[in-house]
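Going by the working numbering, the sequence shown opens with residue 157, and the numbers climb by one from there.
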Amino acid sequence: MARIIVVGGGIGGLAAALSAERQGHEVVVLERRRAFEELGAGIQLGPNAFWALDRLGVGTDVRDKAVFIDELRLMDGVSGKRMAHMPLTGAYRARFGNPYAVVHRGDLYEPLLRACREAARVELVAGASVTGYAQDATGATATLADGTAVTGDALIGADGIRSVIRAQLVGDGEPRVSGHTIYRSVIPMEQVPEDLRWNTVTLWAGPKWHFVHYTIGGGKYLNLAVTRDDGATVAVAGEPVERDRVLAEFDEVGGTPRRLLELGQGWRTWVLCDRDPVGDWTDGRVALLGDAAHPMLQYAAQGACMALEDAVVLGGFLQGCGTGEIVPRLGRYAAERHDRTAKAQLVAREMGRRLYHASGREAEERNAMMAAFSETELYEKVDWLHGFAPPVGPIAGAVR
């Protein structure tokens, strides 16, 4: 049995802790905030996420509050016409073995947090701001801002896109600012006209803008997210913004998306950031996970899914792992995950450019390309993402 330090108590960090604990290891999770909580709005979960959640033993709890949507729908934001749609019911579920769903981030986070609190070998420590790490032949140590040292056999950096652990391990500076600004709002469903209550994830793509909306909270809320390719150069995270400013920023948006946009209240804004893929996420007894390892733009809807996959694969490599085997096991975990996550990072960028924000001739070519795909061809396009289920062995309840 090893003692694993997890830096970061978000979705990826809790999933990693649960995954390692399921293999019989002791885990301490260090969270810089004063409480374990998840902020934010809606999140999309592909079948690959449910594969991971089931392995972690929380799949049923997440399903209980998820909204299982009927299709992904891509609309031309200028003409209002449908470009393409991908059904997500019968044939899709039969092919990928799990549903596609949308949830509030809290409805994903809470089952993970509850499972960690109930786990005998997981210790959750809030208000623990990590400033760096050290290691030697016998262990790894997280250094806290108050001078405290927390020591274990391995350390997993799951502390997000501005990871302190990554800064020391990789040293690649600040995240890349994408130049895209997103505005998010969540509104009660009773405020939404009945003719706009669609059981879909719908994306309206326009010239240098796109708008996504879908139901969350078990059908109680509508999640709105509208993005402008505006060349922003300064990172912003969760700042409140006036409704009138959002409406003015997207004054060219009309028709159905305009009706939805005007429903939004309590808007907040972010400037989207990511990082380039890197060759190695490990330094001896230290490894990265989730956004600390491979932060990606939202356009493939796979950020949380990839973090959950990371956690399960990590747990698979920690199965039966003694303290003397930590270094090679972490190296194998990172090698296993690198190519897949790097591809997801780069595909997400390209989707934002080619699919979501195209204009003129590029938009016409996009529309023709998407319209030509059959249902089966669309499934084949996403097979590498949604059909992920590597043979890492069952871990839920493996050791009790």
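Just so you know, even glycine gets a beta-carbon here, dropped at the ideal spot from N, CA and C.
Close Cβ partners of residue i (< 8 Å) along its chain, the five nearest in sequence each way excluded
{"i": "R190", "result": "A282, G283"}
{"i": "P550", "result": "For P550, the predicted model reports a pLDDT of 41, less than 50, meaning its position is unreliable; a value from the coordinates is still stated below. Within the same chain, P550 has close Cβ partners R211."}
{"i": "G169", "result": "V162, V163, V185, E187, I312, A314, D315, L445, G446"}
{"i": "A554", "result": "Model confidence at A554 stands at a pLDDT of 39, short of 50, so the residue's coordinates are unreliable; what they give is reported in the following sentence. Excluding sequence neighbours, A554 sits near R178, Q179, G180, Q475."}
{"i": "A552", "result": "Model confidence at A552 stands at a pLDDT of 41, short of 50, so the residue's coordinates are unreliable and nothing is read from them."}
{"i": "G516", "result": "P363"}
{"i": "A500", "result": "H450, M452, A456, Q458, M462, L541"}
{"i": "F206", "result": "G215, V218, R219, N254, P255, A257"}
{"i": "R431", "result": "I317, D328, P331, R332, H450, P451, Q501"}
Continuous alpha helix (DSSP H) stretch holding residue i: start and end
{"i": "G288", "result": "No alpha helix (DSSP H) contains G288, which is instead part of the beta strand (DSSP E) from 286-291."}
{"i": "R212", "result": "Here residue 212 turns out to be Leu, not Arg, going by the sequence shown. That run of the alpha helix (DSSP H) goes 203-212."}
{"i": "I312", "result": "Note, I312: premise wrong, no alpha helix (DSSP H); beta strand (DSSP E) at 310-313."}
{"i": "W540", "result": "531-542"}
{"i": "R493", "result": "482-507"}
{"i": "I167", "result": "167-177"}
{"i": "C429", "result": "Here C429 belongs to no alpha helix (DSSP H); instead the beta strand (DSSP E) covers 424-430."}
{"i": "I317", "result": "From DSSP, I317 is part of no alpha helix (DSSP H); its letter is neither H nor E."}
{"i": "E274", "result": "261-274"}
{"i": "G471", "result": "459-474"}
{"i": "V218", "result": "215-221"}
{"i": "G516", "result": "516-528"}
Span separating the alpha-carbon of residue i from that of residue j
{"i": "E227", "j": "R322", "result": "37 Å"}
{"i": "V306", "j": "V342", "result": "39 Å"}
{"i": "P344", "j": "Y377", "result": "4 Å"}
{"i": "L511", "j": "A519", "result": "8 Å"}
{"i": "C272", "j": "C477", "result": "21 Å"}
{"i": "M239", "j": "E279", "result": "49 Å"}
{"i": "V320", "j": "P363", "result": "37 Å"}
{"i": "E540", "j": "L230", "result": "Before going further, note that residue 540 is Trp rather than Glu in the sequence given. The alpha-carbon atoms of W540 and L230 are separated by roughly 20 Å."}
{"i": "N379", "j": "G295", "result": "44 Å"}
{"i": "G459", "j": "S334", "result": "16 Å"}
{"i": "V218", "j": "P267", "result": "7 Å"}
{"i": "D351", "j": "T304", "result": "57 Å"}
{"i": "V483", "j": "T337", "result": "40 Å"}
{"i": "R556", "j": "A257", "result": "In this prediction, R556 has a pLDDT of 31, which is less than 50 and means its spatial position is unreliable; what the coordinates show is noted afterwards. Rounded to whole angstroms, R556 to A257 spans 30 Å at the Cα level."}
{"i": "G196", "j": "D466", "result": "21 Å"}
{"i": "G329", "j": "V434", "result": "13 Å"}
{"i": "A361", "j": "D232", "result": "5 Å"}
{"i": "P203", "j": "A404", "result": "37 Å"}
{"i": "M242", "j": "V468", "result": "28 Å"}
{"i": "R509", "j": "T358", "result": "18 Å"}
{"i": "T245", "j": "F252", "result": "10 Å"}
{"i": "E346", "j": "N355", "result": "15 Å"}
Buried/exposed call for residue i, threshold 16 Cβ in 10 Å
{"i": "G421", "result": "What sits at residue 421 in the sequence shown is Gln, not Gly. By the 10 Å Cβ count, Q421 comes out exposed."}
{"i": "K237", "result": "exposed"}
{"i": "L201", "result": "buried"}
{"i": "S235", "result": "exposed"}
{"i": "M525", "result": "exposed"}
{"i": "M157", "result": "exposed"}
{"i": "T497", "result": "buried"}
{"i": "R485", "result": "buried"}
{"i": "P349", "result": "exposed"}
{"i": "R340", "result": "buried"}
{"i": "G411", "result": "exposed"}
{"i": "D400", "result": "exposed"}
{"i": "P396", "result": "exposed"}
{"i": "S530", "result": "exposed"}
{"i": "G472", "result": "buried"}
{"i": "G166", "result": "buried"}
{"i": "R198", "result": "Here the sequence assigns Gly to residue 198, which means Arg is not the residue at that position. The residue is buried, with at least 16 neighbouring Cβ atoms inside 10 Å."}
{"i": "T128", "result": "No answer is possible for residue 128: it lies beyond the span of the chain, which begins at 157 and ends at 556."}
{"i": "A448", "result": "buried"}
Chain-order list of residues whose beta-carbon lies under 6 Å from that of residue i (same chain, five-residue window excluded)
{"i": "Q291", "result": "G440, R441"}
{"i": "D263", "result": "K221"}
{"i": "R159", "result": "E182, G308, D309"}
Delimiting residues of the beta strand (DSSP E) encompassing residue i
{"i": "E395", "result": "393-396"}
{"i": "F367", "result": "365-372"}
{"i": "R238", "result": "238-243"}
{"i": "Y339", "result": "332-344"}
{"i": "V144", "result": "An answer regarding residue 144 cannot be provided, because it is not within the stretch 157 to 556 covered by the chain."}
{"i": "Y377", "result": "377-385"}
{"i": "R251", "result": "Where R251 is concerned, there is no enclosing beta strand (DSSP E), although the alpha helix (DSSP H) it sits in stretches over 246-252."}
{"i": "E227", "result": "227-232"}
{"i": "V278", "result": "278-282"}
{"i": "L403", "result": "Unbroken run through L403 is the alpha helix (DSSP H), 399-405; no beta strand (DSSP E)."}
{"i": "V162", "result": "159-163"}
{"i": "T412", "result": "From DSSP, T412 is part of no beta strand (DSSP E) but of the alpha helix (DSSP H) over 411-417."}
{"i": "W360", "result": "356-362"}
Same chain, Cβ closer than 7 Å to residue i, neighbours up to 5 away in sequence not counted
{"i": "M507", "result": "Y455, A456"}
{"i": "Q324", "result": "G288, Y289"}
Minimum Cβ-Cβ distance from residue i to chain D less than 8 Å
{"i": "T383", "result": "Included in the structure is just one protein chain, with no chain D present."}
inquiry  = Three or more C-beta pairs under 8 Å: does that hold for the stretch 478-494 against the stretch 530-541?
reply    = no
Is it true that the stretch 379-397 meets the stretch 417-436, where meeting means three or more beta-carbon pairs spaced less than 8 Å apart?
yes
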